[in-house]
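The working numbering applies: residue 1 is where the first sequence begins, and numbers increase by one. Here's the structure we're looking at; comments come further down.
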Amino acid sequence: MPELPDVEVFKKYLDATSLYQTIAEVETKSRDMLGNVTPQALRQSLTDHEIEGSKRHGKFLFLRIDDEVWLVLHFGMTGFLKYFKNGNDSSEHVRLLLKFSNGYRLAYDCKRKLGAIELTKDPQKFVEDKGLGPDALQSEFDVETFGRILEGRRGRIKSTLMNQQLMAGIGNVYSDEILFHVGIHPEAKARAIKEPMQERLFHGMKEVLQTAIECKVDPRNFPDDYLLPHRQPDAICPKCGAKIQKKTVSGRSAYFCAGHQK
DNA sequence: ACATTGACCTGAGAGC
DNA sequence: TGCTCTCAGGTCAATG
């Protein structure tokens, strides 16, 4: 579930708690989540260094250790960060633990091991090597680029929005939310969406992602006309009163309102 | 080249 | 109660 807004909230949390802290010790709890790095290399690269800054691209979070070393975290669908004082360790599925010299710790917790822990020399290069598209919220990602992407696609709009090589950050939950917001059916063909609908979708995408971040991705904080608080079978659409439908679209469970999404 | 499907991961909740 | 089955959704490999 951690999609762009979730990871952005993790970034803010990291910045508020762990920035400029010195890593005194590194514990690797799950070898099989380490992508391109051994536990020894990870320990060696991080120990006695500070976290100097952070970056996010799509669903990836980058922690700057120094000029040539960045720790890369991906959260799969169950990953999150937890900062706590030594002794208050209540998490059950900690995969990586950074022990700071001030007695606090930062845990990367990932119950279902679909995330990843890696190292890179340069986030920009990492993004290129992964073949990721532009971050969905970055300002250089404009409506013209977005329109060109849609026109080159034979598939459905839902899977287009979720394709990380085309644009990075949107997953199953927020693709539903965006399409619900602008009134487009998840099974619509991407290239059938023309102006002015392209522009409406583009701005809807930015607005939904931004709003989710402002709400700290807590469904209780969401505006009431958003789908997320009603994202369950047989719920009532807050926009038009019709029943929320659930259907498999491109292999993913899509929630939508047939009343106002065409 | 592009689109879709299935596998992987693990635990919660449904259903018998 | 207790077991088994299904589902959740991140990616990537295999297939259409």
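Beta carbons are placed, not taken as given, at the ideal position from N, Cα and C, and that holds for glycine.
- In chain order, Ile-65, Val-69 and Leu-119 place their CB closer than 7 Å to the CB of Ser-45, counting only its own chain and leaving out the 5 sequence neighbours on each side.
- Taking each of Asp-176, Arg-95 and Lys-247 in turn and checking the Cα distance to Ser-30, the smallest one comes out for Arg-95.
- Exclusion of the five residues before and after Tyr-174 leaves Glu-3 as the residues of its chain whose Cβ lies within less than 6 Å of its Cβ.
- For the 7 Å CB-CB criterion, Met-1 and Met-77 form a contact.
- In the three-state reduction of the DSSP assignment, Ile-184 falls in the coil class.
- A straight-line Cα-Cα distance of about 42 Å links Ser-18 and Asp-234.
- Taking every protein chain shown into account, the CB of Gly-155 has fewer than 16 other CB atoms within 10 angstroms, so this residue is exposed.
- In summary, Ile-193 is buried, with 16 or more beta-carbon neighbours lying within 10 Å of its beta-carbon over all protein chains present.
- Taking C-alpha positions only, Phe-80 is separated from His-74 by approximately 9 Å.
- Annotation for Ser-159: Ser-250 place their beta carbon closer than 6 Å to its own, counting only its chain and skipping 5 residues before and after.
- Gly-152 counts as exposed, since fewer than 16 other C-beta atoms from the protein chains shown sit within 10 angstroms of its C-beta.
- Sixteen is the threshold: since fewer than 16 other Cβ atoms of the shown chains lie within 10 Å of the Cβ of Tyr-20, the residue is exposed.
- In summary, Pro-219 is exposed, with fewer than 16 beta-carbon neighbours lying within 10 Å of its beta-carbon over all protein chains present.
- Distance from the CA atom of Lys-121 to the CA atom of Phe-84, rounded to whole angstroms, is 28 Å.
- Burial state of Arg-56 is buried, judged by a 10 Å Cβ sphere holding 16 or more other Cβ atoms.
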